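Numbering (the numbering used here), first residue to last: 3 to 309.
So this is what it looks like as structure tokens:
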């Protein structure tokens, strides 16, 4: 009886020693893997990691691994993946996805318009838009009684474009319902609006005459040295516009094109120059502006715009 008990004790001791040996081997392997993570590219780390999984099935190893890997530099997986998951969740909700896809054409829209697109009520739309703004996917601009929503940046648009390609989703173009003459060119208080004004705005940025000036406020612009010379040659007094006690230059969301045109003192000076040079003429009974033959020629030669 005593011999049997002694045999079982010896077997138990041997089993304990074997378990300790396996534990030491696991710890040594995990330490090697951690060192590998700290000094090698991800491809080598992955090969080593697979070797560990084959040998130890990943259970206890997975709990021992550090929450980072190196792909040319250290990266905290937990800290960097969490924002991606939050943004993905914001996009994944069907109503919000429809709103974002509708904004892909670059035109801003009101909450009412987006609620129709999403097929939800006004209060639900407000909650969805608040979520999209909080996640940095959408920006909002207040203009008069309305709040206009647009994609926050070109990075957001590029990400959504990539997702639509993967999903194979068709895009419907923006179709304004503004009367043709007003949509083409009109006045917006003391500056030019409409398709022509938006084209001039975009062209001046493309020519590097204008540049964003975020330090001067949201949507503020500054005139570059090249722009100062070019606008001066056209008859726009940039210095006088800058000296006025009002915003010098800024974007104003065009209600027919849903994209910005040039406003502020510089926008007013540009309209004044266009009227003086008879590029455009005011309509007698509306805000519409008519582009003259001389204006069409000048816009084509100086801006590359076919009006």
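We put the CB at the ideal spot given by N, CA and C, even for glycine.
What you are looking at is a predicted structure, and each value in this text was computed from that prediction instead of being measured.
I believe residue i touches residue j by the beta-carbon criterion, under 8 Å. Please report the beta-carbon distance rounded to the nearest angstrom.
i	j	result
residue 184	residue 110	Actually they are not in contact, since the Cβ atoms of residue 184 and residue 110 sit about 18 Å apart, beyond 8 Å.
residue 269	residue 248	Incorrect: roughly 11 Å between the Cβ atoms, too far for contact.
residue 139	residue 103	12 Å between Cβ atoms; not a contact.
residue 222	residue 252	5 Å
residue 121	residue 97	7 Å
residue 151	residue 255	The pair is not a contact, with the Cβ atoms about 11 Å apart (cut-off 8 Å).
residue 206	residue 212	5 Å
residue 224	residue 215	4 Å
residue 99	residue 93	6 Å
residue 137	residue 89	5 Å
In whole angstroms, give me the CA-to-CA distance for residue i and residue j.
i	j	result
residue 23	residue 130	57 Å
residue 278	residue 119	43 Å
residue 315	residue 105	Residue 315 lies beyond the residue range present for the chain, which begins at 3 and ends at 309; the question has no answer from this structure.
residue 243	residue 271	7 Å
residue 107	residue 299	30 Å
residue 196	residue 95	34 Å
residue 116	residue 158	18 Å
residue 1	residue 141	Residue 1 is absent from the structure shown; the chain starts at 3 and stops at 309.
residue 241	residue 281	22 Å
residue 305	residue 261	19 Å
residue 237	residue 273	11 Å
residue 160	residue 166	10 Å
residue 297	residue 182	19 Å
residue 125	residue 113	10 Å
residue 250	residue 168	43 Å
residue 208	residue 227	14 Å
residue 264	residue 101	27 Å
residue 292	residue 133	43 Å
residue 187	residue 164	34 Å
residue 123	residue 258	24 Å
residue 210	residue 143	24 Å
residue 128	residue 232	44 Å
residue 200	residue 229	17 Å
residue 398	residue 218	Nothing about residue 398 can be reported from this structure: the residues present for the chain run from 3 to 309 only.
residue 19	residue 25	10 Å
residue 203	residue 286	26 Å
residue 239	residue 135	38 Å
residue 85	residue 295	54 Å
residue 148	residue 220	17 Å
residue 303	residue 288	28 Å
residue 245	residue 307	30 Å
Quick check on residue i: does DSSP put it in helix, strand or coil?
i	result
residue 193	strand
residue 210	coil
residue 292	strand
residue 225	strand
residue 242	helix
residue 265	strand
residue 279	coil
residue 247	coil
residue 308	coil
residue 297	helix
residue 95	coil
residue 231	helix
residue 237	coil
residue 87	helix
residue 302	helix
residue 215	coil
residue 259	coil
residue 107	helix
residue 39	For residue 39, the predicted structure reports a pLDDT of 46, less than 50, and the residue's modelled location is therefore unreliable. A value from the coordinates is still provided. Three-state DSSP puts residue 39 in a helix.
residue 45	Unreliable positioning characterises residue 45 in this predicted model, as indicated by a pLDDT of 44, which lies under 50. The coordinate reading is nonetheless provided below. Residue 45 falls in the helix class under three-state DSSP.
What does residue i pair with, by DSSP beta-bridge criteria?
i	result
residue 168	For residue 168, which the question treats as bridged, DSSP gives no partner whatsoever.
residue 188	195 and 290
residue 252	222 and 265
residue 21	Paired residue(s): none; residue 21 is not in a bridge.
residue 112	150
residue 284	291
Point to revise | Entirely enclosed beta strand (DSSP E) segments - the region 118–158, minimum 3 residues | key: Whole beta strand (DSSP E) segments, 3+ residues: 140–145 and 148–153.
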